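**Student:**
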Amino acid sequence: MRNALFIFWLTMLSVCADDFYIWQRNWNDRVREAVRTERAAEQFYFLEGELTAERFPRGFAEKKMTRGMIPVYRIHTSALRFSSEEIAEKIFDAHFPEIQLDLDCPERIFARYSEIVRALKAKGVKRISATVLPVHLKLKEFPEFAKNVDFYVLQVHGLDFRKGAALMRMSTVAESLERAEKLNLPYKVALPCYAYELFFRDGRLVSLNAEQGRAHRGGKRTVLCADPEELAECVRKIRKLKRGIIWFRLPVRGDRLCLDRPSLQKIMDGEKIEKKMEFRWKKSKNGLHILYVKNIAELGAERVALRFSRGIFRADDYGFFGGFQPEAGHVFGLFPESMTGPAPLPGEESAAMWLRSNDEPPKLKVELLE
């Protein structure tokens, strides 16, 4: 009896924890550093393999890093041409007693998802969790599926082009949580701290990107991400329900399409943060002032414009840093009215210019450029 209670409470603690997805296929020094220095997460769910009809690349992770590491297998719908037993045979690895499945399973064949779970258990996998979409909770087959996994992960984010493009809709979150609570089975919620970069041409989507690289250019660029205040509201709701969160994805230094770790921590604590670019002047000796621009939760930002307040400002000397330049028409020697340059990465700040003056430096506005 005591052992049963102990296992029950261990399961509940696991379900209520905050964890991270690691979706990078290249485990470089920055990814390893992010894993090593992460203190809040109990577990990391890392992409271990992607099964398609044609191929099965796997082994993306750094195998030496084993602290709370759970492999995730992404199953593309094209792979459903294989039998459930064949899929289980391809996925099974005796080194991993616990795994997670990620399959955006079409509703009409949702029973296949349950078959794959059963086939993997028959192969010897001890613990299995699985991602599901909000629409899956409405299916009559879902309760039985949820009982066959140790817990399911309710993925409330994804590209949604109904009534305008969005990454996460609060109405979907509220409805999904209500359905999940009525089922009263173990689950966690996957929340997004990343962004999608979309390119449209003639109103049609021509390319997209959610990684650190660049999408194919050739159209109007749009960045989709969850609103930080809405994310904080989601956290408060989920905490109240005593359910766990898996964040997609682990913040890694230099990732322009993901929240930085300190900003995410504020959201994890249920605090509101405002997306913005802010500035500060740092005063040094002999009338030297340095202008810094900081990025607060603006994902995918590429360039900024600095607009100085109108009026005469006298500077003995000035110069620019890091790719910042005055806009066209500027006459050197006269203090610029505006300047543009590369946007800092989320959570970081960049030096934009320096000046020498006995007066207080000018006020300005920071604008995000498309």
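Just so we're aligned: 91 in numbering that gives the first Met the number 0 is position 92 of the sequence shown, and the numbers increase by one with no gaps anywhere. Note that CB positions come from ideal geometry on N, CA and C, so glycine has one too. Quick caveat: nothing in here was measured; it's all calculated off a predicted structure.
Measuring straight from C-alpha to C-alpha, what distance separates K146 and Q154?
**Tutor:** The alpha-carbon atoms of K146 and Q154 are separated by roughly 18 Å.
**Student:** Can you say whether Q324 is buried or exposed, counting buried as having 16 or more other CB atoms within 10 angstroms of its CB?
**Tutor:** Exposed, since its Cβ has fewer than 16 Cβ neighbours within 10 Å.
**Student:** Going by beta-carbon coordinates alone, are F55 and L46 separated by less than 8 Å?
**Tutor:** Cβ distance not < 8 Å, so F55 and L46 don't count as in contact.
**Student:** Please classify P227: is it buried, with 16 or more other beta-carbons within 10 angstroms of its beta-carbon, or exposed?
**Tutor:** With 16 or more other Cβ atoms within 10 Å, it is buried.
**Student:** Are the segment 26–33 and the segment 84–92 touching by the rule of at least three beta carbon pairs closer than 8 Å?
**Tutor:** Counting Cβ pairs under 8 Å, fewer than three are found: no touch.
**Student:** How big is the Cα-Cα spacing for R220 and C257?
**Tutor:** R220 and C257: Cα-Cα distance of roughly 17 Å.
**Student:** Beta carbon of I108, beta carbon of L119: below 8 Å?
**Tutor:** No, the pair does not count as a contact, with Cβ atoms beyond the cut-off.
**Student:** Let me check understanding here. Comparing Cα to Cα, which of I245, S349 and K284 lies closest to S356?
**Tutor:** Among I245, S349 and K284, the Cα nearest to that of S356 is on K284.
**Student:** Tell me which residue opens and which closes the beta strand (DSSP E) that V365 is part of.
**Tutor:** That run of the beta strand (DSSP E) goes L363 to L368.
**Student:** Using alpha carbons as the reference points, say which of H288, F334, E196 and E348 lies closest to V371.
**Tutor:** This structure cannot speak to residue 371, because the chain is shown only from 0 to 369.
**Student:** I'd like to know whether the C-beta atoms of E49 and L249 end up nearer to each other than 8 Å.
**Tutor:** Not a contact, by the Cβ cut-off of 8 Å.
**Student:** Near G19, what residues of its chain come up, given a Cβ to Cβ distance below 6 Å and the 5 sequence neighbours on each side ignored?
**Tutor:** Residue identity check: residue 19 is Phe in the sequence provided, not Gly. Excluding residues within five positions, the ones whose Cβ falls inside 6 Å are A40, F43, W246 and L249.
**Student:** How far does the beta strand (DSSP E) with D101 in it extend, from its first residue to its last?
**Tutor:** Per DSSP, D101 belongs to the beta strand (DSSP E) from E97 to D101.
**Student:** Using beta-carbon positions only, say whether F91 and V124 come within less than 8 Å of one another.
**Tutor:** Yes, Cβ-Cβ distance for F91 and V124 is below 8 Å.
**Student:** Should Y186 and F150 be called a contact, given that it needs their Cβ atoms to be closer than 8 Å?
**Tutor:** Yes, these two residues count as a Cβ contact at 8 Å.
**Student:** Can you check whether the CB of A225 is closer than 8 Å to the CB of M167?
**Tutor:** Yes.
**Student:** Given a cut-off of 8 Å, decide if L305 and A351 are closer than it, judged by their beta-carbon atoms.
**Tutor:** A contact, by the Cβ cut-off of 8 Å.
**Student:** In chain order, what are the residue ranges of uninterrupted beta strand (DSSP E) at least 3 long that sit wholly in the segment 231–304?
**Tutor:** If we require 3 residues or more, the beta strand (DSSP E) runs fully inside the segment 231–304 come out as 243–247, 275–282 and 287–295.
**Student:** Would you report the Cα separation of P142 and R242, rounded to the nearest angstrom?
**Tutor:** C-alpha separation (whole angstroms): 18 Å.
**Student:** Decide yes or no for the touch test of the segment 317–332 against the segment 263–282: beta carbon pairs closer than 8 Å, at least 3 of them.
**Tutor:** No: the two stretches stay apart, fewer than three of their Cβ pairs being nearer than 8 Å.
**Student:** Whole angstroms are fine: how far does the CA of P341 sit from the CA of E97?
**Tutor:** If you take the alpha carbons of E97 and P341, they lie about 44 Å apart.
**Student:** When we look at the beta-carbon of D101 and count the other beta-carbons within 10 Å, is it buried (16 or more) or exposed?
**Tutor:** Burial call: buried.
**Student:** Counting only runs that start and end within the segment 144–205, where is the alpha helix (DSSP H) found for 4 or more residues in a row?
**Tutor:** For the segment 144–205, whole alpha helix (DSSP H) runs of length 4 or above, ordered along the chain, are 169–182.
**Student:** Would you call the CB atoms of Y291 and R302 closer than 8 Å?
**Tutor:** Not a contact, by the Cβ cut-off of 8 Å.
**Student:** How about K271 and A231: do their beta carbons lie closer than 8 Å?
**Tutor:** Yes. Within cutoff.
**Student:** Count the other CB atoms, across all protein chains shown, that sit within 10 Å of the CB of L158; report buried if there are 16 or more and exposed otherwise.
**Tutor:** Exposed: under 16 other Cβ atoms inside 10 Å.
**Student:** Alpha carbon to alpha carbon, what distance is there between V148 and L4?
**Tutor:** A caution first: L4 carries a pLDDT of 46, below 50, which makes its placement in the model unreliable, though a value can still be read off. For L4 and V148, the distance between alpha carbons rounds to 19 Å.
**Student:** State the DSSP-derived secondary structure class of L79, mapped to helix, strand or coil.
**Tutor:** In the structure shown, L79 sits in a helix (DSSP, three-state: H, G or I).
**Student:** Among F312, P345 and E347, which has the Cα closest to the Cα of S337?
**Tutor:** If we check each option's Cα against that of S337, F312 comes out closest.
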